[in-house]
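Structure first, then comments.
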Amino acid sequence: MQEPCIQSFFDPETFTVTHVVSDPVTRRAAIIDSVLDYGPKSGHTSRQHPMNA
Numbered sequence: 687m688q689e690p691c692i693q694s695f696f697d698p699e700t701f702t703v704t705h706v707v708s709d710p711v712t713r714r715a716a717i718i719d720s721v722l723d724y725g726p727k728s729g730h731t732s733r734q735h736p737m738n739a
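Heads up, the sequence shown stops at 739 in my numbering, and the numbers go up one at a time, no gaps.
Put into structure tokens, the structure is as follows:
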């Protein structure tokens, strides 16, 4: 059994971390504690940061 791969991505704007845990055998993954991007000028949120992870 292989160990899962764990990668962490720091978002300096929100000072939070998004984690991606993946199984190298099945190639399945989960995103943990994803960050919503927030545009202060528009007042809108997006999911671009988790998609980049």
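Don't be surprised by glycine CBs; every beta carbon is placed ideally from N, CA and C.
Computed from a prediction, not measured in an experiment: that's the story for all the values here.
By the Cβ-count criterion, Val721 is buried, with 16 or more other Cβ atoms from all chains shown falling within 10 Å of its own Cβ. Per the C-alpha coordinates, the member of Glu699, Val711, Gly725, Pro726 positioned closest to Cys691 is Val711.
Excluding its 5 nearest sequence neighbours in each direction, Ser732 has C-beta neighbours in its own chain below 6 Å: Asp723, listed in chain order.
Here Asp709 has Pro690 as same chain residues with Cβ atoms under 6 Å from its own Cβ, once five neighbours each way along the sequence are excluded. Unbroken beta strand (DSSP E) runs of no fewer than 3 residues, entirely contained in the segment 705–737, are found at 714–718, 723–725, 730–732, following chain order.
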